[in-house]
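Read top to bottom, the protein sequences are chains A and B. Quick note on numbering: the first sequence equals residues -15 to 291 in my numbering. Quick note on numbering: the second sequence equals residues -1 to 380 in my numbering. By construction, the Cβ of each residue, glycine as well, lies at the ideal position given by its N, Cα and C atoms. Take a look at the structure below.
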Amino acid sequence: MATTLTPPDSDQTSVPPAKLPPGLETNAEKAESRRGFLIGLPAYAYLVLFFALPLAIVVVYSFATRSTTGLTVLADWNLQSYARLTDSLVVAITWRSLWIATLTTVVSLVVAYPFAYYIATRTPRVRAALLVLVMIPFWSNFLVRTFAWRLLLSSDGPVTRILETLGFANPRLLFTPSAVIIGLVYGYLPFMILPLYASLERMDHSLVEAARDLYATGWEAFRKVTWPLSKPGVIAGSILVFIPSFGAFVTPEVLGGTGTTMLGSYIGRQFVGTASDWPFGAALSVAILFVMMLAAMFYFRSGGKDL
Amino acid sequence: MRNRRWIVAMVALALTVSACGREVGGDPEPDATDDGAEVEPDGTGDMASGCEVDEVDGDLLFGNWSEYMNPELIDLFEETYDVSVTEDFYTSNEALLAQIRAGGADFDVIVPSDYMVEIMIDEDILLALDHDVIPNMSNIAGEFDDPPYDPGLVYSMPYQWGTTGIGINVAEVGDVTPSWDLLFDPDVAGALPGEISILDDPREGMAAALFWLGYDPNTTDEGELEEAAAAIETARDWTVTYTSDQYAELLLTGETVAGHGYSGGFLDSFFGVDNPEDYDYLIPEEGAVIWTDNMAILADASSVCTAHTFINFILDAENGAELTNWTYYASPNAGSAEFIEEEITTDPTIYPPDDVREKLVFLENTGDAEILFTDLFTGAQG
């Protein structure tokens, strides 16, 4: 047996290397990685062309100078635009953006959690149907949907009417910070529901039963079992809602009025406005990007330890 | 045309953002610099274009505001001169400028507003016009032939003009003195039976407050600007929102009873309702902003002769009247007066009487102070 088997074995293992030039294996590996690179090339090219390069241009512009007529002069590189980031106006708008984004995230979480839990505990068929319902709003344009809220929240719109019947005197919703938060929660709710659903669906529900068997109350079972297990979804959902809310542009422009200027609108005004201060707008964007990156890194790390 | 539409504005922003990706250099086109240098210092600007009157040298790409050109005039021009005219639209002066700076506009003729003409001249984007090829220039009314933004009309020819004032719901507000008190005075604006809107534009918004305070809307005095910002901030209590494209709609839907906006924007929408007598457009007696939109040729235009011929065609007395009869904006063309419908020429909100006209002021580019205008206005809006 051994003798009959050995020759073919040795043929396969020892003979081919002897016939082939040295370094073939490394060549094969190289070829393999080259193929991998070629397959990934369109994606790399796309990212470099449409993400890295524009971002680099934004960074370069942030050190440029605004001419008296509002032209961006790519010379006399300076930090002047960054010096303006500590202006009281910028600080005030940043704080407003922060609290609007935070409130949006909290409200989204409170609304989305029970719903995601509900979806996760349905039968697969109902689940699929509910998930489709969650995603249906994405089939129409965000701007159009935001304008629809304008009708809903207007002074003779249904929401205001209901509030009036409930006894609120002269309720004004449209063009207030509340309207902006309602619009943002509406817009980004699916981003909260989907990751929450993913982590709740993956959860082993017999763990909750076990907790109840061990005399945990419903609340205790939630706090000690369900909540910790759904935390990755909570963190992912919160980031997905907070970051776009913080930089929101469309919603505050359409639904906001007095006292609702957010960073997105202020940055927009640097580009399409009489100020025409592209370097400052770029500096604002770079600063936000930097802060967001730091916050996300911190959030992921601190969250990661608990998981 | 200042009637900016939101959705299109978003597209404009997207364009601007994408424009960031291109070279927006500090070095203008070399030939543009030459054109600027060859202009005679006295500003007569008779640039020899090498064109003859009525000569055409190719098809025309016309960049304009939307709803701002009688399509029949385009047809007539195409038939008369056997060229094709393509009209393309922009939504704000800034979007137009951004597009040109980024090299993404191949327009021959554009229609920027007054202060933007000044900026474009400074940036050597515009071609000095050959006045010899635009004989209809003589039709331009005296008050428009030497504007502060382009003395001697070296680079631009007026297209249409209008004012920035206040639209009111007469049924709600009643007979009122046309005054900026309607927006800023706590005793007047604060006592209105509803709320107001202010243009979401730092220059226009601040100009309204500056007029109310009795200051020059082009002031760069920090103290005066801060006072104006304070007035806008006080007015927050009765301001529902700041908008540059919905002011007429808010007024018509009852969200506001008075709104700050452009003449054409209000008048246009008043014509479309069942009860036009319930609304009125007022030019405040303290003074108001007057604006012109102006035809200009880009320095790197490919059909320079066609462009000159087109401008001359629009400045023709009858064609100019056809334009105003269609847009309902006032015409700077004195020769057109007799051909314009009487309903328009006798409307004091389109053609204000002389005593009102004297108090109309052009907004001028204030250079670095634009940043101050923007930040003070943004801060006042909250």
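Minimum Cα-Cα distance from P110 of chain B among the listed residues B:T78, B:G150, B:Y66, B:T232 corresponds to B:Y66. Taking 7 Å as the threshold, the shortest C-beta distance from L55 of chain A to chain B falls below it. Per DSSP, Y260 of chain B is not a residue of any alpha helix (DSSP H); the beta strand (DSSP E) it occupies stretches across 256 to 260.
Contact holds between the stretch 306 to 324 of chain B and the stretch 336 to 351 of chain B, because three or more Cβ pairs, one in each stretch, are under 8 Å apart.
Here F264 of chain B has G165, A246, Y279 as same chain residues with Cβ atoms under 6 Å from its own Cβ, once five neighbours each way along the sequence are excluded. Annotation: the continuous beta strand (DSSP E) that includes M155 of chain B extends over 154 to 167.
With three or more CB-CB distances shorter than 8 Å, the stretch 119 to 132 of chain B counts as touching the stretch 151 to 158 of chain B. When Cβ-Cβ separations below 7 Å define contact, P145 of chain B makes no contact with chain A. Residues of chain B whose Cβ lies closer than 9 Å to the Cβ of L73 of chain A are, in chain order, D373, L374, T376, G377. Counting the other Cβ atoms within 10 Å of the Cβ of V271 of chain B gives fewer than 16, which makes it exposed. Using a Cβ-Cβ distance cut-off of 8 Å, the stretch 223 to 232 of chain A and the stretch 87 to 101 of chain A are in contact, since at least three pairs of beta carbons, one from each stretch, lie closer than that value. Across the structure, T237 of chain B and M204 of chain B are spaced so that their CA atoms are roughly 14 Å apart. The beta-carbon distance between F87 of chain B and N62 of chain B, rounded to whole angstroms, is 6 Å. This is short enough to meet the 8 Å contact definition. F268 of chain B sits in a helix when the DSSP states are folded into three classes.
With 16 or more other CB atoms across the displayed protein chains lying within 10 angstroms of its CB, L250 of chain B is buried.
Under DSSP, A286 of chain B takes part in a beta bridge, and its partners are B:L358.
By the neighbour-count definition (other C-beta atoms within 10 Å, threshold 16), N11 of chain A is an exposed residue. The C-beta of D173 of chain B has fewer than 16 other C-beta atoms within 10 Å across all chains shown, which makes the residue exposed. For S90 of chain B, the chain A residues whose C-beta falls within less than 8 Å of its own C-beta are V256, listed in chain order. Under the Cβ distance rule, G48 of chain B does not count among the residues neighbouring chain A, no pair being separated by less than 7 Å. At a cut-off of 7 Å, the C-beta of I117 of chain B has a neighbouring C-beta in chain A. Distance from the CA atom of I84 of chain A to the CA atom of T70 of chain A, rounded to whole angstroms, is 20 Å. Restricting attention to A:S190, A:E13, A:P263, the CA atom closest to the CA of I41 of chain A is found in A:P263. CA-CA distance, F131 of chain A to I120 of chain A, rounds to 17 Å. Per DSSP, the unbroken alpha helix (DSSP H) holding L71 of chain B starts and ends at 69 to 79. Residue environment analysis places P142 of chain A among the exposed positions, since fewer than 16 neighbouring C-beta atoms fall within 10 angstroms of its C-beta. Residue burial annotation: E193 of chain B is buried, with at least 16 other C-beta atoms found within 10 angstroms of its C-beta. Under the Cβ criterion of 7 Å, I123 of chain B is not counted among the residues facing chain A. Straight-line measurement puts the Cα of F371 of chain B at about 18 Å from the Cα of L268 of chain A. The continuous beta strand (DSSP E) containing T239 of chain B extends over residues 237 to 240. Contact annotation for I369 of chain B against chain A: A259, D261 [CB-CB distance below 7 Å, chain order].
B:G160 is the residue among B:S195, B:G160, B:F105 whose C-alpha sits nearest the C-alpha of Y349 of chain B. Of all alpha-carbon atoms in A:L39, A:G257, A:V118, A:R186, the one lying nearest the alpha-carbon of M176 of chain A is that of A:V118. Just measuring C-alpha positions, the residue of A:S124, A:W203, A:G265 sitting nearest F255 of chain A is A:G265. If you check the CB distance, Y240 of chain B and D276 of chain B do not come in under 7 Å.
Contact annotation: I103 of chain A and L114 of chain A have beta-carbon atoms nearer than 7 Å.
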